[in-house]
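Colleague:
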Amino acid sequence: MKTWNATSSFATQTWYLFSSSIANLKCDLSKICLFVVLQNNSLPFNKYAFLTTHNAFAIEGEPSHTRVPRVTFTNQEDTVTQQLNNGVRALMLDTYDFQGDVWLCHSFKGKCHDYTAFEPTIDTLNEIQAFLSANPGEIVTLILEDYVEAPNGLTNVFKAAGLMKYWFPVSNMPKSGQDWPLVSDMVTRNQRLLVFNSKQEKEQSEGIAYQWNYMVENQYGNDGMKAGSCSNRAESSPQNDKTKSLVLVNYFRSVPIKQLSCQFNYEDLVSMLNTCYGAAGNRWANFVAVDFYKRSGGGGSFQATDTLNGELICGCNDVHACVPRSTTPCKV
């Protein structure tokens, strides 16, 4: 067993890593041990990096809520509450019309089924509301792959969860590549929930930001994992389009395999972040999205996020070097 420090944008965390061997592949499962102290939040929102869970709701062991056995993939191992408590600050969610409500489903062709449904969206939003209420200095970002057609369906479920009081308004989002508001100001104003959506029309009809008006993104799945290449997601502007202030890097397989995440969430991930830095016009990622975020063959997605924050905050490849009077050397 060994220990190391993981620092999000606003908090330092100490983690214990338990090593095991899976098919001769070194694989560490990290668990949070200590949440220490709020750090620097004086920079614009786009000057930080946030660990992001792909399909945050698709959780191993989640019981069926439809009385039908679930037949679909899972991408994470613990609850959304645990993800947030462990330092995840952005969640990818897939929203669908289902059973007269809005559900989270890992499905296909835009339709949710009994065997692809995970839970009503309100359940996950309630977890997010509880976290924001208990942690008044934290900001959470939601990235929605949205198939909801019901008028105001998303708005209604966000209202029901009591999340509108945290809502960051679209009118405050920069549209021409400017810096975002300071994180400290967002916290002071209690505008601590950012929601991005895949349906362009909902920016006008429901005030939910159209994702690709504000961020660029690389290709997801196997096509986005080719070494030395950081290809563009079709819906996104070119990654070097600097009129979009935020950069999202996906790094997960088309078909999730937990054991392989141990490999991908370590050196391969760091290598891709460097490749995508060049593709994005020498900009570091603000969001790094992975499957099985606690699994790696080393420091994993936490250390990768540390590296991104170090580069974004002070130009060093370790965020610990950005702390005043730090003894950590600054490596560039």
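Read in order, the letters of the sequence shown are residues 1 to 332 in UniProt numbering.
The beta carbon of each residue, even a glycine, is placed where N, CA and C say it ideally should be.
#1: Which same chain residues, not among the five before or five after F118, have their C-beta less than 8 Å away from its C-beta?
#2: Report the three-state DSSP secondary structure of A279 (helix, strand or coil).
#3: Quickly, what does DSSP pair Y96 with across the bridge? List them, please.
#4: With C-beta atoms as the reference, is N213 less than 8 Å away from K175?
#5: Expressed to the nearest angstrom, what Euclidean distance is found between the alpha-carbon atoms of A321 and G300?
#6: Give the range of the beta strand (DSSP E) segment to which A130 is assigned.
#7: Going by the DSSP bridge assignment, what does N250 pair with across the sheet?
#8: Is it the case that the CB of A209 approaches a heavy atom of the ligand GDP more closely than 7 Å?
#9: Is the distance from the Cβ of R89 to the Cβ of V148 below 8 Å?
#10: Exposed or buried, what is G177 when buried is set at 16 or more other beta-carbons lying within 10 Å of its beta-carbon?
#11: For I59, which of helix, strand or coil comes out of DSSP?
#12: In three-state DSSP terms, what is Y166?
#13: Output the boundary residues of the alpha helix (DSSP H) element that contains M186.
#14: Is it buried or exposed for T53, if we count other Cβ within 10 angstroms and need 16 for buried?
#15: Taking buried to mean at least 16 other C-beta atoms within 10 Å of its own C-beta, is residue 333 buried or exposed?
#16: Which of the three DSSP states is assigned to A117 in this structure?
#17: Can you check which of these residues, P329, L182, D241 and S171, is closest to V195 by C-alpha distance?
#18: Scan the stretch 209–239 and note each continuous beta strand (DSSP E) run of 3 residues or more that stays entirely inside, going in chain order.
#19: Assuming S198 and E217 make a contact with CB atoms under 8 Å, what is their CB distance in whole Å?
#20: Are the CB atoms of G224 and N240 within a distance shorter than 8 Å?
Modeller: In short:
#1: F57, A58, I59, E62, H65, R70, W103, L104, C105 and H106
#2: helix
#3: W103 and Y147
#4: yes
#5: 19 Å
#6: It is not in any beta strand (DSSP E) - A130 instead sits in the alpha helix (DSSP H) that spans T121 to A134.
#7: A289
#8: Of the ligands one can find in the structure shown there are none, so the ligand GDP has no counterpart to examine.
#9: no
#10: exposed
#11: strand
#12: helix
#13: V183 to T188
#14: buried
#15: For the chain, the structure presents residues 1 to 332; residue 333 sits outside this window and is missing.
#16: strand
#17: S171
#18: 215–217
#19: That pair is no contact at about 11 Å.
#20: no
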